[in-house]
Every structure is written in structure tokens, then in C-alpha cells.
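So for the sequence shown, numbering that gives the first Met the number 0 puts the first residue at 0; every next one is plus one. In this text, a Cβ means the ideal position worked out from N, Cα and C, and glycines have one as well.
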Amino acid sequence: MSKTEIRTSNAPAPVAAFSQGVRKGNVLQVAGQVAFDPATGAIVGETVAEQTKQALANVVAVLEAAGASLEDVLMLRVYLTDTAHFGEMNEAYGQVVTAQPFPARTTVYVGLPEGLLVEIDALAVVGD
């Protein structure tokens, strides 16, 4: 079983040697997505809420390019730059991730390039 790269113009192009997503069999891994506008490459939003919604929109775009949706996601990992942003991120996240049962989620705190406040990746099973 070979790996298949998932690529879409509806999510930001990778800035290094990695794919937006990779599928092997029915397992799909979406690379960490940040709040870049896919068309311009500019950061969308100055708040954690705005950036969370854009990062999730980018995750959804990669999922859709692979024939999946948020309903196929088993796990979302959220990377925040500041522990004080958890509540605001969680509220924005809850406005986008609404289908139950909810995916499992882990939130960790990291350093990201200047201006970026959140990054989100996803693990999905497609067509079980």
C-alpha cells in the first residue's frame, strides 16, 4: 500500500519539505495548519479566535481534497503559543467542530513564527 500526497490550492502551500496531507489506505494525516490565507499567504486575524477559525478552515480544505470531512477526524492536535489563549481558542474551536461524537483532542503550548498564535493538525480515517 503506497502513500498518496494530498494537495489543494484551498489551503496554504507548504513552506518546507512536507505535504499538506498524506493518505495511506484509509488513514489520512493532515499537516499542521496555521492561519495563512491560501490565496495571499498572509496571516488571517490578530486574535486566537480568528486564527483558530482560519487554521480549521485550512484543515477542512485538506480533508475535503482527500474526500473526507471533520466527521472523519479521530484526533485534532492544537498548538498554542500562550496558555492564556486556551479559553478563546476553545470557544472558536467549538463553533467549527460541532459534529458528535467529537474528535479526541490534545492541546500543547509551543513557539510559532512571529504573528502566529495557533496551529492545528488532524488524523482521520477515510471511507471505513
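Three or more C-beta pairs below 8 Å linking the stretch 7-24 and the stretch 69-82: no
Rounded C-alpha distance that separates Ala34 from Ala10: Sequence index remark: in the sequence shown, residue 34 carries index 35 (1-based). Sequence index remark: in the sequence shown, residue 10 carries index 11 (1-based). Here the alpha carbon of Ala34 sits roughly 10 Å from the alpha carbon of Ala10.
Glu87 burial status per 10 Å Cβ neighbour count (16 or more: buried): Here residue 87 corresponds to residue number 88 of the sequence shown, with the count starting at 1. So Glu87 ends up on the buried side.
Beta-ladder partner(s) of Phe35, from DSSP: One-based indexing of the sequence shown puts residue 35 at position 36. DSSP output for Phe35 lists Ile42 as bridge partner(s).
Contact between the stretch 82-96 and the stretch 43-56 (3+ Cβ pairs under 8 Å): Below 8 Å, enough C-beta pairs join the stretch 82-96 and the stretch 43-56 to call them touching: three or more.
For Asp120 and Thr3, the rounded distance between their alpha carbons: If you number the sequence shown from 1, residue 3 lands on position 4. If you number the sequence shown from 1, residue 120 lands on position 121. Going by the C-alpha atoms only, they are around 17 Å apart.
Sequence-distant residues of its chain with Cβ nearer than 6 Å to Gly31 (five each side left out): The residue given as residue 31 occupies position 32 in the sequence shown. Contacts found: Glu118, Asp120.
Sequence-distant residues of its chain with Cβ nearer than 7 Å to Val95 (five each side left out): Indexing the sequence shown from 1 puts residue 95 at position 96. Counting only Cβ-Cβ distances below 7 Å, and skipping sequence neighbours, we find Lys52, Leu55.
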